[in-house]
Amino acid sequence: MKRARITVMGAGLAAVLGMAPAARAADLDLTRANLLAVADGEGTARIAAALLARDLTALGGHPGAIVEDAGNCATLCVVIGTTASPVVQRLAREGGVDLSPITGGWERYVRAGASVAGRRYLLIVGSDARGAAYGVTDLSRALGVSPWEWWADVTPRRRDRITIDDAPFVSLAPSVKYRGIFLNDEDWGLEPWAAKTFDPAKGNIGPKTYARVFELMWRLKANTLWPAMHSVSTPFFGDPGNAPLARRYGIVIGSSHAEPMLRNNLREWDEGQRGGFDFTRRPQAILDYWRERVGETKGQEAFYTVGLRGLHDGPMQGVTTTAARRSILEDVVGRQRGLLADTLGKPAAQVPQLYVAYHELQEAYDAGLTLPGDVTLMWTDDNYGYLRRLSTPEEQKRPGGAGVYYHLSYWGRPHDYLWLGTTHPALIREEMGRAWATDARRIWVVNVGDIKPIEYLSQYFLDLAFDARLLDQSPREHLRRFMAEQFGEAEAGSIADVMMRFYDLAWPRKPEFMGFGQTEWVTPNRPSGYVQSDGEEAQARIAAYQALVVQAAEIAKRLPEDRSDAFHELVLYPVRGAAWLNTRILSLDLAELNARDQRASPNFYVGHAQTAQAMVEGYTARYNALAGGKWRGMMDMAPRRLPVFSEPMWPSWQPSTQSGCATGHWGAWIGDENVLTFTRGVPAERPVTLYQHQPQATSWAISDMPAGLTLSQDKGELNERGGYEQRMTLRYDGKGAVGPVTLRCGEQPVVVHATALAPPKVEPGMAIEDERRVTMPALAARYGGDWEAIPDLGSQHGALRAKLTLPTRGSAAQGTPATWRFATMTEAGGTLRVVALPTHPRDPAHGLRAAVRLDDGEWQTVDFATIGRSDQWRQNVLTNTAVVSLPLKSFAAGDHRVAIVPLDPGLTLDRVELVLDGARPLYAPLPETAR
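Residue numbering for the sequence shown follows my numbering, starting at 1 and increasing by one per position.
Written as structure tokens, this is what we have:
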């Protein structure tokens with residue numbers, strides 16, 4: 001048996017828990033401790049004590065009864081209460097515990113040992129009820145209980161003794177005052193699971209489910225909930241048990257942009273009974289509707305959303321122009337504040353209020369809508385992770401401050417992503433860092449969908465909200481520490497590597513977007529952008545995902561049995577789901593591509609696709625059977641039944657009319673031959689596929705190979721098991737002779753033409769053309785003071801951002817450039833592509849502009865900003881790119897340079913690409929060009 005013991009708290013864990021490290025002191029043995037829940041108005045301490053008792057029991061302890069009188073404590077007593085309690089004040093005073101650091105604070109606590117009248121105490125004293133609750137959950141966490149012990153089955157490990165230092169700890173104040181989650185789009189996970197598995201007696205999401213949600217929020221130090229609100233769910237205030245439960249847990253209840261004044265319009269406004277939801281025609285009916293809810297929530301800690309949208313999360317009814325909306329909203333907000341003041345009996349300025357600037361509500365605000373200064377402005381992302389707006393310096397002076405509503409899950413156009421949590425942690429850090437830097441610090445709420453399988457990303461967001469210092473830490477390090485907490489230090493690095501690769505692969509295209517269709521309106525699947533030329537991009541993506549599956553499975557074998565379910569939930573299912581969906585879609589695309597080439601392999605690839613479909617179905621069923629069926633109904637592999645998830649009609653092809661062998665590869669056309677080109681002195685690889693036209697086994701071998709080239713295999717057989725093809729890699733050593741490679745396939749010679757071009761004379765570090773392209777990552781530039789490096793972000797694992805504090809400029813002469821040097825060997829026309837992230841302007845009054853110059857040419861001003869939900873914006877968010885293309889009629893071989901000067905703050909560059917005429921079309925970028 002292991003012994004749980006906490007001595008000096010390391011800076012890493014201390015930062016996660018929001019504590020100041022303390023000096024080492026004596027141990028307190030909590031194995032058989034009593035728990036004293038100091039009485040409070042709502043019984044919050046009692047709930048916290050019960051949670052701690054359960055955690056201690058799970059660790060192998062035998063805690064005594066929960067008592068409410070210090071005289072009933074045994075030898076050691078854990079006291080849970082607030083600074084307002086006379087009992088706590090007395091014990092702290094007599095035990096020499098200083099509570100002054102947290103007095104009057106927000107959600108802070110002191111944890112300290114004390115001796116009073118011969119009895120030992122561990123005091124957990126909050127500045128308020130939530131502070132005391134966080135003190136309890138942080139203690140459990142320090143003892144080895146993961147925040148995900150129930151929600152992700154990270155089973156606490158039992159010990160024979162459970163001890164902790166009695167030295168005082170003083171928790172840090174939270175960085176963001178209100179930190180919350182939005183349960184949304186619950187139709188395919190949380191609601192069916194709650195209704196059929198977890199709480200069938202209720203048959204919906206009710207108090208039993210919310211109790212588990214609230215406990216998770218405590219463990220993650222979140223304090224605000226926007227409850228589930230779709231039509232499948234019972235409205236939060238429609239169940240009489242929900243609101244009192246929230247009060248007991250100290251949870252602040254709020255609501256989204258679509259639900260002003262805590263009303264659930266989808267279920268609570270019946271147009272058949274109440275009439276149309278049109279404020280221009282029926283203002284009093286709508287005001288009365290809101291007044292009902294405000295009266296019901298008197299005494300509830302709440303954050304009231306003000307404003308107005310349509311009944312079903314659409315634009316408000318009765319108006320069609322932004323000017324009209326602005327006028328109506330000013331009237332609406334004024335009346336809402338009046339009824340808040342009248343109903344709650346306090347000035348409106350003392351009631352927390354939120355204006356969520358979502359879509360047309362932001363447009364109305366930007367058009368001049370006047371809001372009272374005490375109303376908090378909540379900026380939103382564009383549903384795909386990029387904040388649409390940030391506070392201007394003048395807005396940062398508003399007493400109500402600002403906040404952020406952010407999506408990790410989304411239903412809507414251009415395409416949903418409700419299945420797997422694939423938002424890159426580096427993007428979360430970047431966007432929330434922007435919010436923090438521009439003083440949006442009062443409230444952060446994140447849309448977590450069904451909670452599962454977005455566990456890690458939800459915690460990352462909330463960790464950043466609680467302790468903004470984590471914005472200075474790399475996302476990978478935070479992920480590694482998270483995995484260490486769930487699975488131990490030995491495997492933490494390997495698991496973090498797997499998940500970072502998982503996020504990296506989803507960056508150019510989320511799994512849910514792989515059908516290349518759109519929603520609202522729903523369009524059918526289209527051939528993937530990964531098969532635009534020779535299919536090699538699709539092959540490489542399949543191989544990358546399958547390698548990741550193998551890597552994750554190998555880790556699973558090494559983990560102890562008590563972490564099996566947790567690993568499946570947190571790692572294996574997301575990795576496998578993404579891998580097999582990609583494999584199914586891309587294999588079908590390859591089947592069609594190969595059929596056009598008259599290959600023998602199309603039906604082989606259809607078989608791969610069928611296997612992949614079965615794998616997704618099988619692993620989803622396995623997920624729902626985990627932990628003895630605990631999660632039955634939680635995981636749905638096809639939310640909203642969109643085309644990307646549908647099992648296709650499986651095609652079949654007749655054998656080709658051609659015969660013999662051939663090779664498939666992409667090269668430059670030189671004369672009448674398709675030639676693989678290399679650059680002398682630069683080692684490189686090229687894919688080559690040898691295939692049969694007919695489905696018949698054929699042996700092959702190398703017949704002639706130049707000295708500078710090697711093939712990954714020197715012989716083999718094209719047979720049914722391999723789809724009558726052999727995929728290989730042709731490698732150039734950078735030194736020897738390059739020329740045609742001759743293979744003998746059966747009795748037929750097959751030639752792979754190759755050549756090496758003479759390299760230009762370049763300075764060290766310059767990029768050189770390769771396959772008629774030059775790819776230059778943003779961070780390969782030399783850059784001046786206008787720019788700052790953002791590690792881990794983007795397709796090249798690092799981006800270059802124009803500083804957020806830059807003034808808007810009129811010309812390149814006012815700024816400092818980022819400059820890339822490169823060399824080409826081919827004289828041809830082409831395109832210079834400047835690839836940025838699809839961020840939005842800090843201030844909508846300005847664009848997102850840059851000045852670009854090639855060599856000594858004229859500066860050209862380009863703008864990456866998009867308008868609304870334009871077709872360009874749709875393309876941008878589906879690809880995580882914003883691209884400006886500058887056509888080049890002719891481009892000479894030799895040395896070149898590109899310079900870019902930011903004209904607006906916040907522009908974030910991913911890479912610069914030169915694509916010469918004749919380059920093969922690609923969906924995703926090639927790796928950085930050789931330097």
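Note that CB positions come from ideal geometry on N, CA and C, so glycine has one too.
Comparing C-alpha positions only, which one of the options sits nearest to residue i?
i: V498; options: T31, L570 and A195; result: L570
i: W148; options: K452, A758 and V79; result: K452
i: E363; options: A349, W379, G373 and Q353; result: W379
i: D160; options: R32, A850 and R274; result: R32
i: G373; options: K177, L916, Y386 and Q350; result: Q350
i: A612; options: R584, E592 and Y605; result: R584
i: R108; options: V116, L91, V522 and A132; result: A132
i: L804; options: G906, G716, M776 and L56; result: G906
i: R951; options: G716, L886 and V901; result: Absent from the model: residue 951. The displayed extent of the chain is 1 to 931, so no value can be given.
i: E763; options: R920, A823 and P651; result: A823
i: T881; options: R853, V862, R911 and H896; result: R911
i: A578; options: M615, E489, A600 and Q284; result: M615
i: Q932; options: A556, A780, P807 and L718; result: A query on residue 932 cannot be resolved here, the shown segment of the chain reaching from 1 to 931 and no further.
i: P687; options: R731, D128, A465 and L123; result: R731
i: I66; options: A58, C77, L59 and F236; result: C77
i: G426; options: A195, W193 and L457; result: Per the sequence presented here, residue 426 reads as Ala, with Gly not at that position. The shortest Cα separation from A426 among A195, W193 and L457 belongs to L457.
Return the first residue and the last residue of the beta strand (DSSP E) that residue i is part of.
i: R481; result: Run containing R481: none in the beta strand (DSSP E); it sits in the alpha helix (DSSP H), P475 to F487.
i: P687; result: A684 to Q692
i: G829; result: A828 to A836
i: W444; result: I443 to G449
i: Y210; result: Counting along the chain, Y210 falls outside any beta strand (DSSP E), though it belongs to the alpha helix (DSSP H) covering P207 to R219.
i: L718; result: K715 to L718
i: G81; result: L76 to T82
i: E913; result: T908 to L916
If you drop the 5 nearest sequence neighbours on each side, which residues of the same chain put their C-beta closer than 8 Å to that of residue i?
i: M825; result: T679, L757, A758, P759, P760, I768, E769 and A893
i: E858; result: none
i: E617; result: M637
i: A302; result: V252, I253, G254, L262 and P352
i: T729; result: E685, R686, P687, V688, L711 and S712
Beta-carbon within less than 6 Å of residue i's beta-carbon, same chain only, minus the 5 sequence neighbours each way: which residues are those?
i: A23; result: Because A23 sits at a pLDDT of 42, beneath the cut-off of 50, its placement in the model cannot be relied upon, and the point is left open.
i: R337; result: A348
i: R263; result: R293
i: E647; result: Q613
i: L886; result: L832
i: D187; result: H230 and V232
Measuring straight from C-alpha to C-alpha, what distance separates residue i and residue j?
i: Q796; j: I702; result: 37 Å
i: G664; j: M766; result: 31 Å
i: V38; j: P475; result: 39 Å
i: T816; j: D843; result: 21 Å
i: L287; j: T305; result: 14 Å
i: T523; j: R641; result: 12 Å
i: P574; j: A543; result: 17 Å
i: D463; j: Y386; result: 19 Å
i: A813; j: G798; result: 26 Å
i: Q273; j: F604; result: 59 Å
i: R509; j: L922; result: 13 Å
Could you give the first and the last residue of the continuous alpha helix (DSSP H) run that contains residue i?
i: E536; result: E536 to R558
i: T839; result: Where T839 is concerned, there is no enclosing alpha helix (DSSP H), given that its DSSP letter is neither H nor E.
i: I47; result: T44 to A58
i: I585; result: Y573 to R596
i: A615; result: At residue 615 the sequence reads Met, which differs from the Ala that was named. First-last of the alpha helix (DSSP H) with M615: P602 to G629.
i: S564; result: S564 to F567
Given residue i, which residues of its chain have a CB within under 7 Å of its CB, disregarding the five upstream and five downstream residues?
i: V294; result: M261, L339, L340, T343 and L344
i: G644; result: Per the sequence shown, the amino acid found at residue 644 is Val instead of Gly. Closer than 7 Å at Cβ, skipping near neighbours: E512, M514, G515, G517 and N525.
i: R772; result: A668, T826, L916, G918 and A919
i: R541; result: Y530, N582 and L586
Is residue i close to chain C, meaning its C-beta is less than 9 Å from at least one C-beta of that chain?
i: H665; result: Protein chains in the displayed structure number just one, and chain C is not present.
Subject >> Start-end ranges of the alpha helix (DSSP H) lying completely within the segment 112 to 181, minimum 4 residues >> reply: 129 to 142
**OP:** Quick one: which unbroken beta strand (DSSP E) runs of 3-plus residues sit fully inside the segment 286 to 341? Chain order, please.
**Re:** 304 to 306
**OP:** Run through the segment 392 to 460 for me and flag every whole beta strand (DSSP E) of 3 or more residues, listed as ranges in chain order.
**Re:** 402 to 407 and 443 to 449
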